[in-house]
Amino acid sequence: MPNTDRGIAALIVARPLSVLLAFLALVVALGWQARHFEIDASADTLLSDDNEHFIRSQVIQRRFAPQEFLLVAYKPRSHPVMSQETLADLAALSKALSEIDRVASVRSLVNVPLFMAAGSGLSPDTDPNALTIEQRGFSVDAVRSALEDHPIYEGLLINRDHTATALQVLFAPNAELERLRAQMVEIQRQRLDGDLSDEQHAELARLERAAAPLEKRLDETRHEEIERIRAIVAPFEDDAELFLGGAHVLGFQLIDIITTDLVLFGAAIAAMICLLLLLLFRSWRWVLVPLLCCAAGVALSTGLFGLLSLKATVISANFVALQLILTLAIVIHLIVQYREEVSADAQASQAILVQRTLAAKALPCLYAGLTTSVGFASLLLSGIQPVVAFGWMMIVAVFVAIATSLILFPALMTLFGKERTRNGDGVARPVVNGLAALAQRMPAMVGGVSLLIAGAAGAGLAFLSVENSFINYFADSTKVHRELSFIDQELGGTTALDVSYTIPVAERHEDLIMKAETVQRLQRMQRALEQQKGMGTVLSVVNFTELARRVNDDRPLTEYELTALYWMLEDALRDDLLGAFFAPEHEQVRLSARVQDTTPGLDRGALLDDIRADFEALGVSGAQYQLTGLFVLYQDLLDRLFRSQILTLGVVYVALFFAFCAIFRSLSLALIALAPNVLSTISILGFMGWAGIPLDFMTITIAAIAMGIAVDDTIHYIHRYRAERRQQTPREAMQGTHRSVGQALLYTSVVVAAGFSLLMFSEFVPSVIFGLLTALAMVVALVANLTLLGVLLIKTGVR
């Protein structure tokens, strides 16, 4: 141990109370900042503002300005949708929902224009607002006839079978926030043509700072609105099933369930860890010390993240669990080393024992931290801001775990006093001895099985897929899954996919709003979209021309009639009905589609490819349209995540190799150390491939996690092996390493795997998968380091 480290250890041991008080002050100070730490599971947190697809989507969003809305689906239990009871409930719900401050309007069957029910054609005197059930009191039969195969309302306000209806709750925008967003989008748009200047970067940062408090307040308001909407619909649930849907409803549910999991399963995991520590070490001090170190580490990390305004997203929501793993692993290594020192020299003072413990473990802990950070640094190569942010969060968490453990453990142990010598190692000794015997007596089998596993895992990599369906993040039994699935299947789909089509110059006419040739091409494009597997409702100006045809005695409108109808409408009504689909000043039209995420066997990447192929077959070139919306953004992000994680694994292995070379100063030892880490990471990814677990926003980080776990084990094992090897043969050195470090690895693996297996009971599917894969990663890393690593060290005879 370097002299500096010895001096620090001596200082901690000499003044443990002062160190603890200073450390407590730091925990309190940063813990107070933790109140600013937020979990933000909204869709926007997954999107990078420098992504080309994101910028194009923002430009289109501003251009067509579709209004923010959510759906409240209504499925009557005992009476048909087309009944007075349903219409009365819809009217009452519309009235109650309209009273929410931010709600601009509520669309439902009772207040939308029903041209066919009125039986009148289109004329300049037509007032659509007067053709509603509220205003005209249409009969149930007339309403039923008017809604049959309705080109606009079916799939939006009523399902195809007419067994359920929906209320579309539209929200008024915040004028100041919209102004700031418009300015930000205008600056971001210029990124499509080249890099921004320093002044533009500065202005964008200023606008983002100005918008941040407004965005935060809007998120809080949305959460309050969803709670209020649930309270409003509750009295109607005796007579009908009611379902909420929309992007913000999904974000609210994600935050709610992630927060619940953190509290409920965090407590359960802590209880399980405490129980296992007590059973393994048979002393309450070995429960209290790890618990205090883990709690302090989490408090410091969350405080730092709150201070730095780093938010936990869907991707980084499990950082607390990972922080516990990192801290617990270090503390258990310190415990085992301390107990070994006590057994070796029971007459030594507590101060000496603690200093010897730190002397033996400080360097391997620091080395393990450095190499574990290399694993998490793979996330920095993704180029996707939320993933990069998670990588930095975990790198910070690694060093917080090291600092907390190496300061708090010796200070606490000095105050506790010396532990009495305990005989026996419980169940650990036969397990580690068995693995040592396996490595010694059957090295060929260990090597062969390792190669077999690596080969099978490599084959499994070919089956890895990139998928994402937020609906499937929730267990089938949960209310949110039933809600989102119902709306997805019955009311037009979930994820937005937009096609913005630029009208060719040859088809433009200064006296016509749109030529017949353009309308016909849009009709063909829309039919191509609607025929795609998994496609839900598709809306565009085509739907309005179809409605106009029906109202016009089943005669299609001419170009001039269509133009006259467009300008006949009042400005407000025209913007309300067509503003989201037609931007005449840009000569662009928008086809707004929603993809049904619950479609079995839906291949999202193939869907986008098929759409492009169909458009090409229709003679629509790629330069004439853009595919945008959340569906495109998420698929692009997933593809980038997949490429970055798979392709950068090789880069990370090279970085690890050089890190091992620097730490061990041996080329052969660096290659040996790399073997169990490669085996662990590809085993986890290969298992995911064979098990059909897709890479998505939650599972994409598992390779970095597996590597972080494996490399920590490897560093501790090799560091101890080299110390043993100075005076012993390779076999004796391996046996001694198994008795010491092997026990610590086993204890850590058992405690973490058992604790995180409790996540299997979560209703949040990503938490279940995270628990399963984390436990598997612990077991694979343990076995690889206590068998394959031992075999390689013995065979090569390295020191």
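Mapping the sequence shown onto our numbering, position 792 (from 1) lands on 792, and the numbers just tick up by one.
Glycine included, each C-beta is placed from N, C-alpha and C at the ideal position.
Just so it is clear, the structure is predicted and the values come from calculations on it, not from any experiment.
Legend entry - Which of helix, strand or coil DSSP assigns to Glu68: Stepping through the sequence shown from its first residue, residue 68 is reached at position 68. Coil.
Legend entry - Glu724 burial status per 10 Å Cβ neighbour count (16 or more: buried): As a working note, residue 724 is residue 724 in the sequence shown. Residue environment for Glu724: buried (at least 16 other C-beta atoms within 10 angstroms of its C-beta).
Inset, instruction - Provide the residue span of the beta strand (DSSP E) that contains Met535, from first to last. - result: Taking the sequence shown and counting its residues from 1, one reaches residue 535 at position 535. According to the DSSP assignment, Met535 belongs to the beta strand (DSSP E) that extends over Met535 to Leu539.
Legend entry - Candidates Leu70, Phe376 and Ala9: closest to Ala104 by CA position: Numbered from its first residue, the sequence shown carries residue 104 at position 104. Closest in alpha carbon position to Ala104, among Leu70, Phe376 and Ala9, is Leu70.
Legend entry - Enclosing beta strand (DSSP E) for Leu17 [first to last residue]: On the sequence shown, position 17 is the one that residue 17 refers to. If you look at Leu17, you'll find it isn't in any beta strand (DSSP E); it sits in the alpha helix (DSSP H) that goes Pro16 to Gln33.
Inset, instruction - Just list the beta strand (DSSP E) runs in the segment 237-316, keeping only unbroken ones of 3 residues or longer that don't cross its boundaries, in chain order. - result: DSSP runs (the beta strand (DSSP E)) wholly in the segment 237-316: 240-245.
Legend entry - Continuous beta strand (DSSP E) assignments of at least 3 residues falling wholly in the segment 327-413: Annotation: the segment 327-413 contains no complete segment of the beta strand (DSSP E) (minimum length 3 residues).
Legend entry - Alpha carbon of Arg228 to alpha carbon of Thr545, nearest angstrom: If you number the sequence shown from 1, residue 228 lands on position 228. If you number the sequence shown from 1, residue 545 lands on position 545. Their Cα atoms are separated by approximately 38 Å.
Legend entry - Spatial distance of Pro16 from Val336 (CA atoms): Working through the sequence shown from its first residue, we reach residue 16 at position 16. Working through the sequence shown from its first residue, we reach residue 336 at position 336. Whole-angstrom Cα-Cα distance: 21 Å.
Inset, instruction - Between the Cα of Asp219 and those of Asp238, Ile255, Ala240 and Ala231, spot the shortest distance and give me the residue it belongs to. - result: Position 219 of the sequence shown holds residue 219. Of Asp238, Ile255, Ala240 and Ala231, the residue nearest in Cα terms is Ile255.
Legend entry - Cutoff 6 Å; reference Leu602; Cβ partners in own chain excluding five residues on either side: In the sequence shown, residue 602 corresponds to position 602, counting from 1. Counting only residues of its own chain and dropping the five nearest sequence neighbours on each side, Leu602 has a CB closer than 6 Å to the CB of Gly534.
Legend entry - Per-residue DSSP class, three states only, for Tyr74: Within the sequence shown, residue 74 is the residue found at index 74, counting from 1. The three-state secondary structure of Tyr74, taken from DSSP, is strand.
Inset, instruction - Run the CB neighbour count on Leu11, radius 10 Å, all protein chains shown included, and call it buried at 16 or more, exposed below. - result: The residue you call residue 11 lines up with position 11 of the sequence shown. Classification for Leu11: exposed.
Legend entry - Cα-Cα separation between Asp161 and Arg77, rounded to whole angstroms: By 1-based counting over the sequence shown, the position of residue 161 is 161. By 1-based counting over the sequence shown, the position of residue 77 is 77. The alpha-carbon atoms of Asp161 and Arg77 are separated by roughly 15 Å.
Inset, instruction - Would you kindly work out how many angstroms separate the C-alpha atoms of Ser108 and Glu561, rounded to a whole number? - result: Stepping through the sequence shown from its first residue, residue 108 is reached at position 108. Stepping through the sequence shown from its first residue, residue 561 is reached at position 561. Going by the C-alpha atoms only, they are around 29 Å apart.
Inset, instruction - Within the segment 599-678, note down every full beta strand (DSSP E) run reaching 3 residues or more, in order along the chain. - result: Counting whole runs of 3 or more residues, the segment 599-678 contains the beta strand (DSSP E) stretches 625-628.
Legend entry - Same chain only: Cβ atoms within 6 Å of Asp345, ignoring 5 sequence neighbours per side: Translated into positions along the sequence shown, residue 345 becomes position 345. Closer than 6 Å at the Cβ level, and outside the excluded window around Asp345, lies no residue.
Inset, instruction - With a cut-off of 8 Å on the beta carbons, I'd call Ala368 and His738 a contact; round off their distance for me. - result: If you number the sequence shown from 1, residue 368 lands on position 368. If you number the sequence shown from 1, residue 738 lands on position 738. Contact between Ala368 and His738 does not hold, since their C-beta atoms are separated by about 18 Å, which reaches or exceeds 8 Å.
Inset, instruction - With DSSP as the reference, label Thr834 as helix, strand or coil. - result: Residue 834 lies beyond the range of the chain shown here (1 to 799); nothing can be said about it.
Inset, instruction - Confirm, please, whether the CB-CB distance from Gly536 to Arg612 is below 7 Å. - result: Working through the sequence shown from its first residue, we reach residue 612 at position 612. Working through the sequence shown from its first residue, we reach residue 536 at position 536. Contact: no.
Inset, instruction - Note down the Cα distance separating Phe761 from Ala166, rounded to an integer number of angstroms. - result: In the sequence shown, residue 761 corresponds to position 761, counting from 1. In the sequence shown, residue 166 corresponds to position 166, counting from 1. Pairing Phe761 with Ala166, the inter-Cα distance amounts to about 33 Å.
Inset, instruction - Throw me the rounded Cβ distance for the Asp261 and Ser767 pair, which I believe falls under 8 Å. - result: In the sequence shown, counting from the first residue as 1, residue 261 sits at position 261. In the sequence shown, counting from the first residue as 1, residue 767 sits at position 767. Indeed they touch by this definition, with Cβ atoms about 5 Å apart.
Inset, instruction - Evaluate Val354 with the Cβ neighbour count: other Cβ atoms within 10 Å of its Cβ, from every protein chain shown; 16 or more gives buried, anything less gives exposed. - result: Position 354 of the sequence shown, counted from the start, is the residue given in the question as residue 354. Buried: at least 16 other Cβ atoms inside 10 Å.
Inset, instruction - Name the two residues that bound the continuous alpha helix (DSSP H) containing Gln135. - result: For the purposes of this step, residue 135 is identified with residue 135 of the sequence shown, where counting begins at 1. Boundaries of the alpha helix (DSSP H) around Gln135: Ile133 to Arg136.
Legend entry - Counterpart residues of Ile453 in DSSP-defined beta bridges: Start at 1 with the first residue of the sequence shown, and residue 453 comes out as number 453. Ile453 is not bridged to any residue.
Inset, instruction - Verify whether the separation of the beta carbon atoms of Asp614 and Ala528 is less than 7 Å. - result: Position 614 of the sequence shown, counted from the first residue, corresponds to residue 614. Position 528 of the sequence shown, counted from the first residue, corresponds to residue 528. Taking a C-beta distance under 7 Å as the contact criterion, Asp614 and Ala528 qualify as a contact pair.
Legend entry - DSSP three-state assignment for His738, whether helix, strand or coil: Taking the sequence shown and counting its residues from 1, the one referred to as residue 738 is at position 738. Helix at His738.
Inset, instruction - Evaluate the contact criterion for the segment 234-249 versus the segment 202-209: three or more CB pairs, one atom per stretch, below 8 Å. - result: Because the criterion of three Cβ pairs below 8 Å is not met, the segment 234-249 and the segment 202-209 do not touch.
Inset, instruction - With a cut-off of 8 Å on the beta carbons, I'd call Ser540 and Arg590 a contact; round off their distance for me. - result: Here residue 540 refers to the residue found at position 540 when the sequence shown is read from its first residue. Here residue 590 refers to the residue found at position 590 when the sequence shown is read from its first residue. Confirmed, Cβ separation roughly 7 Å.
Inset, instruction - Determine the direct distance from the alpha carbon of Phe463 to that of Glu517, and round the result to whole angstroms. - result: Here residue 517 refers to the residue found at position 517 when the sequence shown is read from its first residue. Here residue 463 refers to the residue found at position 463 when the sequence shown is read from its first residue. Cα to Cα, the separation comes out at about 45 Å.
Inset, instruction - Compute the distance between the beta-carbons of Val81 and Ser94, then report whether it is under 7 Å. - result: Against the sequence shown, residue 81 aligns to sequence position 81. Against the sequence shown, residue 94 aligns to sequence position 94. In this structure, Val81 keeps its C-beta atom at 7 Å or more from the C-beta atom of Ser94.
Inset, instruction - Compare the Cα-Cα distances from Tyr747 to each of Leu782, Ala29 and Val798 and report the closest residue. - result: In the sequence shown, counting from the first residue as 1, residue 747 sits at position 747. Tyr747 has its Cα closest to that of Leu782, out of Leu782, Ala29 and Val798.
Inset, instruction - State the Cα-Cα distance for the pair Arg189 and Arg181, rounded to the nearest angstrom. - result: Along the sequence shown, one-based indexing puts residue 189 at 189. Along the sequence shown, one-based indexing puts residue 181 at 181. Cα to Cα, the separation comes out at about 12 Å.
Legend entry - Opening and closing residue of the alpha helix (DSSP H) in which Tyr747 lies: In the sequence shown, the residue the question calls residue 747 occupies position 747. Element bounds for Tyr747: Gln743 to Phe756.
Legend entry - Among Phe642, Thr563 and Ile513, the one whose alpha carbon lies nearest that of Gln588: Translated into positions along the sequence shown, residue 588 becomes position 588. The candidate whose alpha carbon is nearest that of Gln588 is Ile513.
Legend entry - Cβ distance (whole Å) where Leu300 is taken to contact Leu30 below 8 Å: Walking along the sequence shown from the start, residue 300 turns up at place 300. Walking along the sequence shown from the start, residue 30 turns up at place 30. About 5 Å; that satisfies the 8 Å criterion.
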